[in-house]
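S.K.: Quick one: this structure, given as structure tokens, is what I'll be asking you about.
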Amino acid sequence: HCNNHPFIQSIPEHRRAQLLEEVEIQTFTLGQSIFREMSEPDAMFLILEGTVSFGKSREDLSWQVVSRSVEGAFFGDVGVFSGDSRALGAKADSDCVIARLPEALVSKIIEDAAPMRKILESTISHLSSTTSYISRHYLLFAWSPPLIVSSIVPTLG
């Protein structure tokens, strides 16, 4: 059922079958780590079933949720594009089925869209610096941010 995911549907049909051969389907149970913060960005992920939360581990070892994504969404793309270590960790917020697209596969998918890649790289660079700022200044303390990161960005002053 990976073929029905909106991201896969956005790939031209004549390229889809070959690319799908390289996709890895993984299952995760509630609370299981998909990747840890500060890990290397070696893949992008598609949520085929379930919900994923993104957050940081705090000093008291609790999990500070920053946002959530549901079936049909994808994540991990920022790290793959920027090459920066993952600013947030990802955990299964329910039992999940995830499609893992290795970094080399993501590069193949976007190789024909050089101008769009330049735009994305610029946007991701900005988002990366914003996430880094928020992580350093807010998430290390006993502060509970709203679940949508963009809702706290305008208040940074």
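Numbering-wise (this note's numbering), the sequence shown opens with residue 6 and increments by one. Note that the Cβ used here is the ideal one computed from N, Cα and C, for glycine as well. All of these numbers come straight from a predicted model, not from anything done at the bench.
Buried or exposed: which applies to residue 43, given that a residue is buried once 16 or more other Cβ atoms fall within 10 Å of its Cβ?
M.R.: It is exposed - the Cβ of residue 43 has fewer than 16 other Cβ atoms within 10 Å.
S.K.: Determine, using beta carbons only, whether residue 60 and residue 71 come nearer to each other than 7 Å.
M.R.: Going by C-beta atoms, residue 60 is nearer than 7 Å to residue 71.
S.K.: Could you check the C-alpha separation between residue 100 and residue 28 for me, to the nearest Å?
M.R.: About 19 Å.
S.K.: Is residue 11 helix, strand or coil when you go by DSSP?
M.R.: If DSSP states are grouped into helix, strand and coil, residue 11 belongs with the helices.
S.K.: Which word fits residue 159, buried or exposed, when buried means at least 16 other C-beta atoms lie within 10 angstroms of its C-beta?
M.R.: With a pLDDT of only 39 at residue 159, under 50, the local geometry of the prediction cannot be trusted, and no value is derived from it.
S.K.: Helix, strand or coil for residue 48 per DSSP?
M.R.: Here residue 48 sits in strand by DSSP.
S.K.: Quick check on this structure: which residue in 22, 132 and 33 has the alpha carbon closest to the alpha carbon of residue 89?
M.R.: Comparing Cα-Cα distances from residue 89 to each of 22, 132 and 33, the minimum goes to 132.
S.K.: With 16 as the cutoff for other CB atoms within 10 Å, does residue 77 come out buried or exposed?
M.R.: Its Cβ having fewer than 16 others within 10 Å, residue 77 is exposed.
S.K.: Give me the DSSP bridge partner(s) of residue 61.
M.R.: Beta-bridge pairing links residue 61 to 69.
S.K.: Comparing the CB of residue 23 with every heavy atom of the ligand PLP, is any distance shorter than 6 Å?
M.R.: With respect to small molecules bound, the structure shown includes none, and the ligand PLP cannot be examined in it.
S.K.: Using only CA atoms, which one of 96, 109 and 91 lies nearest to residue 33?
M.R.: Measuring from the Cα of residue 33, the nearest candidate turns out to be 96.
S.K.: Should residue 91 go down as buried or exposed, given a rule of 16 or more other Cβ atoms within 10 Å for buried?
M.R.: Its Cβ being crowded by 16 or more others within 10 Å, residue 91 is buried.
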